[in-house]
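Protein chains in written order, with the working numbering: chain A, 78 to 355; chain B, 86 to 389. Every residue, glycine too, gets a C-beta built ideally from N, C-alpha and C. Please read the structure below before turning to the comments.
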């Protein structure tokens, strides 16, 4: 009787979770389906879940458009997200190591100041960072979307937590073997920190790839936009061409969905354990 | 240089500047794009500042005073936007706490497919607001959208109130439910199983176990999630920009949307900076209230 009840409860649980899952995925499925429709099909008032006829016309049109250089946006997005993630790693990793492991005067104060900025509402940085980026002549170019966000404290905070959990014996052994601090860091600590570094790389890549407000305002000419900023402008000009909009949305989604498929566990663990805010 | 350690092994002492060399690359970024802008932003807010106009006269607090002056151009605009941010935050945050907690409780157990469900619920969050905005602009279309079709409604979700708020909040729940769910789920899994087993032995029912063990055990995670969700909701921009474009009559144009437009499109940077500091003051007050509420509860619970 008891086991029967438990079986019933388990089935009910699966039913609820599966219904939510289906509702969750259906908008994404419909996005993919619509991107394969004709212009008329996408504008039809009765929803069709199978595109008839299925066509790549929307992709061909959007990829061939000169007003909306989607291929250039794609390349810009890849370059920006990669550059940003690399910059975060090369700056945050040594800083986090020093804060976790090296003993020096001012360490607590430095860490306190850096962590305190996690509580600064990012909105106050918007205008002054635009002015600073303008001063550096970076407006309308990729450094504007690569560099400033790397000043955020998240990467340092995240890696420092990981470094403090590493056992100290290996570093001591390396020092005894005659390694200096840099050699210990590069040859012993970084290889041990690989999972944390990969997680931080992926999270930084994703957040840059998806960033919307900043690139929308700091990138101006059509050929310097990233995909989200480009799609934002694109919608304004093509509000009724849903076949094109969905094809554009698919082009922006496919890389991150593939990344998610491969690195899903790292992404979720990384975010749930560190509490990255959206 | 070497110094003897307690064990007699000689470990080289590092040079005093070595730690700062490790920190230098990050500190450079931090100084230029984090520390400097905080001060510079406030400085800007004290001036009439247009990027294209060389003269930037010092105006003291008059940019702030304008925001509190109902007869100024910027005051009413700003408070309409603050109201939009407030409405969105007040209605989205409870949903973004309760629903993810329910989902996390459903998933907190060992059963087949759990990781698959978790991955599915989290999936929209990896897409970013541009894709989410475009997609839902389409699904919410008043004439050909799936939402009206399947609900049998005829609501103009993108232009009418209160439909626009329902749409913006619903889309945000769909987009970020998985984020808060996985954080709650990680918190649930940190609660020691022995506590539940002991409570079962004592004959505590499910509701009692939830009240006495789960909720207190989740307190630190909940504090974090509530705070982060308030800040994220108060920074809502993309959904409004892409789905409603602020309609109707700028009533869904949020504060950060107005600040970005004012400062980065119209280049009225003094006013925009003043707006951002007023918004930041509200956000920090909200965070303070949240921290205070959680601390008071704990002391109340301890003495009870």
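Partner residues on chain B for residue 258 (chain A), Cβ-Cβ distance less than 8 Å: What residue 258 (chain A) touches in chain B: 99, 103 and 107.
CA-to-CA distance, residue 139 (chain B) to residue 340 (chain A), given in whole angstroms: So the two alpha carbons sit approximately 50 Å from each other.
Under 9 Å, CB to CB, which of the residues in the region 311–322 of chain B have a partner in chain A? Result list: 312, 313, 314, 316, 317, 319, 320 and 322.
Identify every residue that forms a DSSP beta bridge with residue 143 (chain B). Looking at the DSSP assignment, residue 143 (chain B) forms a beta bridge with B:132.
7 Å is my cut-off, CB to CB: does residue 167 (chain B) come that close to chain A? The beta carbon of residue 167 (chain B) sits no closer than 7 Å to any beta carbon of chain A.
Can you list, in chain order, the residues of its chain with a C-beta nearer than 7 Å to that of residue 331 (chain B)? Leave out the 5 residues immediately preceding and following it. The residues are 325, 337, 338 and 342.
Hey, is residue 160 (chain A)'s beta-carbon within less than 7 Å of any beta-carbon in chain B? So no, residue 160 (chain A) is outside the interface.
For residue 122 (chain B), which residues in chain A fall below 7 Å Cβ to Cβ? Going along chain A in sequence order, the residues near residue 122 (chain B) (Cβ under 7 Å) are 202, 205, 206 and 209.
Just confirm the distance between the C-beta atoms of residue 209 (chain B) and residue 260 (chain B), as a whole number of angstroms; I'd bet it's less than 8 Å. Beta-carbon to beta-carbon, residue 209 (chain B) and residue 260 (chain B) are separated by about 5 Å, close enough to satisfy the 8 Å threshold.
Evaluate residue 361 (chain B) with the Cβ neighbour count: other Cβ atoms within 10 Å of its Cβ, from every protein chain shown; 16 or more gives buried, anything less gives exposed. Per the 10 Å Cβ criterion, buried.
Suppose the cutoff is 6 Å on Cβ atoms and the five residues either side in sequence are ignored; what does the same chain contact list for residue 321 (chain B) look like? Closer than 6 Å at Cβ, skipping near neighbours: 173 and 339.
Alpha carbon to alpha carbon, how far is residue 266 (chain A) from residue 253 (chain B)? Give it in angstroms, no decimals. The straight-line gap from Cα to Cα measures roughly 45 Å.
Answer yes or no: do residue 357 (chain B) and residue 204 (chain A) have a C-beta to C-beta separation smaller than 7 Å? In contact: residue 357 (chain B) and residue 204 (chain A) (Cβ atoms closer than 7 Å).
Less than 7 Å between the beta carbons of residue 238 (chain A) and residue 219 (chain B), yes or no? The answer is no: Cβ separation not under 7 Å.
Could you work out which residue in A:212, A:289, A:233 and A:248 is closest to residue 195 (chain A) when comparing CA atoms only? Checked all of A:212, A:289, A:233 and A:248; the closest Cα to residue 195 (chain A) is A:233.
Where does residue 318 (chain A) fall in DSSP's three states? Secondary structure at residue 318 (chain A): coil, using DSSP grouped into helix, strand and coil.
Does the beta-carbon distance from residue 280 (chain A) to residue 347 (chain A) come in below 7 Å? Contact flag set, yes.
Can residue 356 (chain A) and residue 158 (chain A) be called in contact, C-beta distance under 7 Å? What is shown of chain A runs 78 to 355, which leaves residue 356 (chain A) out entirely.
First and last residue of the uninterrupted alpha helix (DSSP H) at residue 213 (chain A): Premise fails: residue 213 (chain A) is in no alpha helix (DSSP H) and is neither H nor E.
For a cutoff of 7 Å on Cβ pairs, would you count residue 286 (chain B) as touching chain A? It does not; no Cβ of chain A falls within 7 Å.
So with CB distances below 8 Å, who are the chain B contacts of residue 148 (chain A)? Correct list: empty, because the minimum Cβ distance to chain B is about 17 Å.
Chain-ordered neighbours of residue 244 (chain B) on chain A, where CB pairs are closer than 8 Å: What residue 244 (chain B) touches in chain A: nothing, since even the nearest Cβ is about 12 Å away.
With DSSP as the reference, label residue 271 (chain A) as helix, strand or coil. Looking at residue 271 (chain A) - three-state DSSP - the assignment turns out to be helix.
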